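Note that the sequence shown covers residues 9 to 609 in the numbering used here.
Just so it is clear, CB atoms sit at the ideal spot from N, CA and C, and this is done for glycine as well.
No experiment lies behind these values; they were computed from the predicted model shown.
Have a look at the structure below before the remarks.
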Amino acid sequence: MRRRPELRRRQGAAAAAAGIGASRLSGLARTALVTNVLGIGTIGDAFAAAMRIPNFLQNLLGEGALSGAFVPAYSSLSERDERAAGRLAGAVATFLLAVTAAAALISIFAARPLVRLIAWGFVGDRFELTVTLVRITVCGTALAVLSAWCLGVLNSHRRFFLSYVAPVVWNATQIAVLVGVILWGVAGTSRATALAWGVTAGAAGQVLVQLRGVWRADPHIKLNFRWREHEAAGVIKRFGPAVAGRGVLQISAFLDLALASLLSVGAAAAMAAAQTLYLLPLSLIGTSIAAAELTELSRARDTAVIAERTSQRLCATVFGVSGVAAIYLAAGTPLSDAIFNLAGLRNAIADDDIALIALVLGAYSLGLVPLVASRLCQNVLFAARDTRTAAVIAAIRLAVSLVIGAALMLPLDRVLVIDGALTGFGDIDLFSRESTWSLLDSKIRSDPALPARLGAVGLAFGAAVGAWVEMGLLRRAVLARRTARGGLPRRTDWPEQRLFGGSGARHLVPAAVALAAGIPASLALDVLPAVLRFAAVAALMVAVHLGCGLALKLPAAQALISQLPRLMLNWRRRPDGSSPDGTAGEATRPSSDGDEGGSQP
């Protein structure tokens, strides 16, 4: 019985990872179809821009803000007073619905000025189509935020699987619409309009599949407007800084789009496609662990335990995510070709556009490790009820990303991708303001027939640099954090004041070795089809990465290998929990409604 709490935490991360994996893989399939059907051009740019406003409201008011403001308070209160926790959850739900409903109405009636605000360079058909799509997609915003509220409640009760697998419904609805568009021969802007309605319908379905699980987890939840009660008022008060922190990131996304709209046609669509692959490991590895850890850290009282847990999770995530980043850098082109050309089934994306997506993905990947590490660092601050520090650091990250991205995008927008080769570096003169630091003519930027350009790569590289700055500042904030748990304030007891326990650099070595092996392998296998080329290179790099980790005796690599027998044992275990040889298996957390993934190792 003593092992049950730790087992539950492992199952929580495993269930979250399983749910996130299913939702992200379905999301990858959705994005692949969207990119393939709408293309890298005028329609693709318009849809990518139109999705920014509903995504902005969902991310601003949804999961990120709730994680920092609502989940710690609700998790703690649910163990002391279930009825009070139910009132708190009901009050937060009505508060979110009121705010998002108002925001959605404003977005519908002010769609035209909003598009002007977020897509400075859009003109003509691209601008008008974006306005139409915004008015449709924003209708599902309030529902999407309510889905994030469901996630917060379920996570607080350690029911991770249902909350994270629910987006599969949203993705599946859009995939069904896209398949129908292809089969019925719908063409032009009608494709984007049909997909926009699929976005709204999918948001409704995503909420409905979670509500039953929410009320089973906490039957005391009743919608109310008691926003002035002590607990609710505290959440709403902390909600402001949490929203500010998320708002900075969303403003960054808006400004990235605004800057991308000043670049050549296809830049916004290429960035959206690359971001899907870039954020996949963040969700599968970072978010699954962070979601489980926030609930536990919110309940922890010993700062030494917090320090040890966070250091271990940081090293494990850095080991895993750095390997993925290496694969993106070495095999980004065959991966992008295999994904967005649907493994050769529909070669609707030109090779040069595939090369652009791969280059943008590579630039983003340089910031993947600090981005995931920052999630775990933020957990420490959120668990201490500090949402302000993360917001300030996010603002600094925004400034750094924009300055570097804006400085690089204009020169790189003069570099073209022609037949897989980069052309135009010789035309860049850093000391010539007229030729290097000025926008291209609007006719050139808006012509979809011209070759792809690298302006979007500059914006992605700026985001990567900003992620490293954010992690450095969060590291300093966490190590200097003084807590008041159980008495007088004291400094968080990290061993030797090292966030990674002194072994952070060692966990990056396997990825560097795998990258050195993957680049020549990818070049040598260029004659193979994209799917086979990526599979071969990725398999080689995974083997090298894991082998190097074992040679360095990294706990993350050893833990991964040690889990294989456990997975095989659980696969063979009988429903009553016993092994095939008649011995009793390790106790597992019972699943009350089948939604927590109770059989996960």
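Once DSSP output is grouped into helix, strand and coil, what is the label at residue i?
i, result
"I347", "helix"
"A166", "Reading off the sequence, residue 166 comes out as Arg, not Ala. The answer is coil: DSSP assigns R166 none of H, G, I, E or B."
"V535", "coil"
"I365", "helix"
"I28", "helix"
"V423", "coil"
"L113", "helix"
"R236", "coil"
"W461", "Note that residue 461 is Arg in the sequence shown, not Trp. In the structure shown, R461 sits in a strand (DSSP, three-state: E or B)."
"L271", "coil"
"L562", "coil"
"L482", "helix"
"R499", "Residue placement at R499 is flagged as unreliable, the pLDDT there being 45, under the threshold of 50; the coordinate-derived value follows with that caveat. Reduced to three states, the DSSP call for R499 is strand."
"A356", "coil"
"L430", "strand"
"M59", "coil"
"A276", "helix"
"K230", "coil"
"I569", "helix"
Quick check: the Cα distance between residue i and residue j, rounded to an integer number of angstroms?
i, j, result
"A429", "I362", "12 Å"
"A398", "V326", "20 Å"
"W476", "L322", "15 Å"
"I527", "L343", "14 Å"
"G27", "S291", "10 Å"
"L389", "L458", "48 Å"
"W223", "I293", "28 Å"
"W205", "R143", "10 Å"
"L46", "A200", "7 Å"
"G560", "R514", "It is Leu, not Gly, that sits at residue 560 in the sequence shown. When rounded, the distance between both Cα atoms is 8 Å."
"G160", "E87", "15 Å"
"M549", "Y336", "11 Å"
"R167", "V153", "19 Å"
"A414", "H238", "45 Å"
"L384", "L287", "16 Å"
"A118", "P518", "51 Å"
"A471", "I404", "12 Å"
"L568", "A324", "10 Å"
"S511", "A312", "18 Å"
"A524", "G331", "12 Å"
"R484", "D455", "47 Å"
Report the option in the options whose CA atom is closest to the CA atom of residue i.
i, options, result
"V329", "A356, G52 and S373", "S373"
"Q218", "L162, V187 and S272", "L162"
"I229", "R91, D394, A58 and G480", "R91"
"I48", "A277, W128 and P518", "A277"
"L263", "F78, I412 and V185", "I412"
"D394", "F78, L46, V408 and R38", "F78"
"G370", "P518, F103, N355 and L285", "L285"
"A339", "F542, L536 and N63", "F542"
"L364", "A414, T318 and D427", "D427"
"I452", "L203, P518 and V273", "V273"
"A280", "A366, D359 and D455", "A366"
"A225", "L36, A356 and A93", "A93"
"A195", "I51, L540, G35 and L562", "I51"
"S446", "L267, P62, G331 and L151", "L267"
Give a yes or no on whether the C-beta atoms belonging to residue i and residue j are separated by under 7 Å.
i, j, result
"F130", "T138", "yes"
"L265", "I126", "yes"
"G463", "A275", "yes"
"A99", "W235", "yes"
"G210", "L170", "no"
"S461", "L410", "For clarity, residue 461 is Arg in the given sequence; the question names Ser instead. Cβ atoms of R461 and L410: not closer than 7 Å."
"F233", "T108", "no"
"V545", "S530", "yes"
"V473", "L420", "no"
"V368", "A240", "no"
"S83", "S155", "no"
"M479", "S570", "no"
"L558", "A564", "no"
"A538", "A346", "yes"
"V173", "S319", "no"
"L406", "F469", "no"
"C158", "T208", "no"
"I401", "L487", "no"
"A58", "T145", "yes"
### Message
So, does the stretch 172 to 190 touch the stretch 24 to 44, judging by three or more C-beta pairs under 8 Å?
### Response
Short answer: they touch.
### Task
Decide yes or no for the touch test of the stretch 165 to 182 against the stretch 203 to 215: beta carbon pairs closer than 8 Å, at least 3 of them.
Cβ pair count under 8 Å is three or more, so yes.
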